[in-house]
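Chemist: Right, I'll just put the structure down here and ask away after.
Numbering (the UniProt record's numbering), first residue to last: 1 to 193.
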C-alpha cells in the first residue's frame, strides 16, 4: 500500500508540475500583488535558518545513546526510489496521451427539426414564469397576512392587552397611602411656612 501511495504521489505531483508550470499560464504576466514585504519574509527566513543551525548544532553535540543498526536489505531501500521513478514515467505517459487525444469539433446546429419545434422556447419560458409568478403571489399573500395580523384585530388585541396590563399595574389600591402622605405633608408645610 505504501508503494502504491508513493507511485500515485509521484504521478499527481508530476501532472501538477506539468499542467501548472509547463503550459501557458492563465493569469497576467505581472501579478498586482507584491509579496516581497520584508516584514513577512524575514521572520520565516530567521525561523528556517535558526531551525537548520539549531538542528545541526544539537545533532553534533549530543552523542547517540545506541548505535543505529542498518538491517534493511538494499532492495527495500531502493524500492521507494524505483516506485517513484515508475510513477513519474506513468505520469509522463499519461501527459503524452492527453496531448495526443483527438478533440472532436461538433457542429451545434439549432434548427426547427432538432429543437423539437418551438417547444423548448415556449415551455422553458412559460413554465418558469408561472412558477415565479405563483411564488411572488404566495409571498405577497404571506406579507399581507402578517401585516393584517400585526395591525388588524389580532394586533389590536395584543396591543390592548399589553396596555391594560400596564394600566392595571398602576391601580393597586394605594389611595390610602397617597391620602395619608397628603394629610401628613400639608400640616408640615403649614408649620414650616
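C-beta atoms are modelled at their ideal positions from N, C-alpha and C, and glycine is treated no differently. Computed from a prediction, not measured in an experiment: that's the story for all the values here.
Span of the alpha helix (DSSP H) holding residue 43?
Modeler: Taken as a continuous stretch (DSSP letters only), the alpha helix (DSSP H) holding residue 43 covers 38-61.
Chemist: Would you mind reading off the limits of the alpha helix (DSSP H) that contains residue 5?
Modeler: Its alpha helix (DSSP H) spans residues 2-21.
Chemist: If you drop the 5 nearest sequence neighbours on each side, which residues of the same chain put their C-beta closer than 8 Å to that of residue 87?
Modeler: 6, 7, 8, 9, 10, 11 and 14.
Chemist: Can you tell me whether residue 91 is buried or exposed, with buried defined as 16 or more other CB within 10 angstroms of its CB?
Modeler: By the 10 Å Cβ count, residue 91 comes out buried.
Chemist: In whole angstroms, what separates the C-alpha of residue 81 from that of residue 128?
Modeler: Near 60 Å, if we compare the C-alpha coordinates of residue 128 and residue 81.
Chemist: How long is the line joining the alpha carbons of residue 68 and residue 93, rounded to whole angstroms?
Modeler: Taking the straight line joining both Cα atoms gives about 40 Å.
Chemist: Whole angstroms is fine: what's the gap from residue 2's alpha carbon to residue 85's?
Modeler: Spanning the two alpha carbons is a distance of roughly 15 Å.
Chemist: The alpha helix (DSSP H) that contains residue 185, what's its start and end?
Modeler: Residues 175-192.
Chemist: Helix, strand or coil: which one does DSSP assign to residue 152?
Modeler: If DSSP states are grouped into helix, strand and coil, residue 152 belongs with coil.
Chemist: Alpha carbon to alpha carbon, how far is residue 140 from residue 157? Give it in angstroms, no decimals.
Modeler: If you take the alpha carbons of residue 157 and residue 140, they lie about 24 Å apart.
Chemist: Just the C-alpha distance for residue 193 and residue 180, rounded to the nearest angstrom, thanks.
Modeler: C-alpha separation (whole angstroms): 20 Å.
Chemist: Tell me whether residue 128 sits in a helix, a strand or coil according to DSSP, three-state version.
Modeler: Three-state result, residue 128: helix.
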